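Working notes, beginning with the structure itself.
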Amino acid sequence: MSSSFDKYQKRRLISSYFSVVLSIALVLFLLGLLGLLVLNAKKVSDHFKEQVVVTIYLKEAAKDVEIKQLEKSLAMSDYVKSTEYVSKEQAAESMKAENGEDFMEFLGYNPLQNSIDVHLKADFVTSEHLETIKDEALSKNFVDEVRYDNDLVTLMNNNVKKISFWVLVISGIFTVIAVLLINSSIRLSVYSKRFTIKTMQMVGATKHFIRKPFVWKSVRLGIVGAFVALIGMAVVLYYLNQTFPELNLLQSPILIAALFSTIFVLGIVITWISTFIATQRFLNLKTDQLYY
1 MSSSFDKYQK RRLISSYFSV VLSIALVLFL LGLLGLLVLN AKKVSDHFKE
51 QVVVTIYLKE AAKDVEIKQL EKSLAMSDYV KSTEYVSKEQ AAESMKAENG
101 EDFMEFLGYN PLQNSIDVHL KADFVTSEHL ETIKDEALSK NFVDEVRYDN
151 DLVTLMNNNV KKISFWVLVI SGIFTVIAVL LINSSIRLSV YSKRFTIKTM
201 QMVGATKHFI RKPFVWKSVR LGIVGAFVAL IGMAVVLYYL NQTFPELNLL
251 QSPILIAALF STIFVLGIVI TWISTFIATQ RFLNLKTDQL YY
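Residue numbers (the UniProt record's numbering): 1 to 292.
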């Protein structure tokens, strides 16, 4: 009979430890994903900004040497990431592929112009910079027109500011929620042993002596939970990097290592503080208060 009861108690203990580790792992995992989002938010926004194309249309009379000089000066500019010369023949082929029909058969000639597609660095994708670049290009007498989607640029910059603000706010809120959830799990674990704590105190054990095994046990559970969360984060990061290689998510290994280290330390610190506070509470309770 005693053996069956011991096995039952052992199963309950293992189940309790498993639930604590699982809750810690899930909370730290979600917190880590949010950290990855914060670290890569600018990188993602920069990626989309750099997809904006400034198209410089050239006059028919533009000489090859003038075009080459313009391309070279653009490539050497601080604000340009890349340039691509698109002949009117290439433009016609692209339009034909998109529309599925040859419009030159109806017109009898190619009405398109030679052009240079310019991709800017993300920091320069603003209405002010684009207008300056446009004026500079139009100062060349062989440039006919400069086009870009100004409405898209304005909308994108406004949305990036809003998203960045709310990501920071949500990060702060979620951090508080994470601490509260882990603290709740730890408190429930300590609550189940409140009578053991009070019994040890009644036979003369000091608070430090009673608290030490509880804190150490919770810290070990926190370490296990943090390891599980880090494994999950590593899998997600690897998958995202394979799916979206253009984002270069692994380009900053030091920042990623710092994030992983922070999550690991949080798993230890939060469990340590939560267990300390929980055990201290039951140590300060009177015996008749343990039943409420």
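Positions of the beta carbon are idealized from the N, C-alpha and C atoms, including for glycine.
Predicted model only: the values in this text are computed from it and were never measured.
Start-to-end residues for the alpha helix (DSSP H) that takes in K96: K88 to N99
Report the residue from I116, M95, I254 and V179 whose alpha carbon sits nearest the alpha carbon of V80. I116
Helix, strand or coil for V238 per DSSP? In the sequence as presented, Val is not what sits at residue 238; that position holds Tyr. Note: Y238 maps to helix in three-state DSSP.
Using only CA atoms, which one of V160, R211 and V190 lies nearest to V38? V160
Every unbroken alpha helix (DSSP H) inside the UniProt domain "ABC3 transporter permease C-terminal" (169-285) [4 residues or more]: 194-202, 207-243 and 253-284
Should F214 go down as buried or exposed, given a rule of 16 or more other Cβ atoms within 10 Å for buried? buried
Who pairs with Y85 in a beta bridge, going by DSSP? I116
Between the C-alpha atoms of G204 and S252, what's the straight-line distance to the nearest angstrom? 54 Å
Counted within 10 angstroms of its Cβ, other Cβ atoms place M233 as buried (16 or more) or exposed: buried
Buried or exposed: where does G267 fall if 16 or more other Cβ atoms within 10 Å of its Cβ makes it buried? buried
How would you write the range of the alpha helix (DSSP H) that V65 sits in, first residue to last? D64 to A75
Pull up the distance between the alpha-carbon of L30 and that of F209, whole angstroms please. 35 Å
Which residue or residues does DSSP assign as beta-bridge partners of L58? V143
Could you tell me the boundaries of the alpha helix (DSSP H) in which E128 lies? S127 to L138
Below 7 Å CB to CB, which residues in the same chain sit around F5 once its five sequence neighbours on both sides are set aside? Caution is warranted here: a pLDDT of 40 is assigned to F5, below 50, making its placement in the model unreliable, and no coordinate value can be reported.
Pull up the DSSP beta-bridge partners for V53, would you. H119
Expressed to the nearest angstrom, what Euclidean distance is found between the alpha-carbon atoms of I273 and K162? 35 Å
Rounded straight-line distance, which links the Cα of L255 to that of W216: 30 Å
Check this for me: beta carbons of T271 and I186, under 9 Å apart or not? yes
Excluding five sequence neighbours on each side, which residues of the same chain lie with their C-beta closer than 6 Å to the C-beta of A62? F142
Using beta-carbon positions only, say whether E50 and A97 come within less than 9 Å of one another. no
What whole-angstrom Cβ distance do Q113 and L74 have, given they're in contact under 8 Å? Wrong, their Cβ atoms sit about 17 Å apart, outside the cutoff.
If we call anything under 9 Å between Cβ atoms a contact, is K88 one with N248? no
By DSSP's criteria, V80 is part of a beta bridge. Which residues make up the other side? L120
Cβ-based burial, A137 [other Cβ within 10 Å; buried from 16]: buried
Spatial neighbours of K134 in its chain, beta-carbon cut-off 7 Å, leaving aside the 5 residues before and after: V146
Integer Cβ distance of E66 from Y85, believed to fall under 8 Å: In fact, because the Cβ distance is near 12 Å, the residues do not count as touching under 8 Å.
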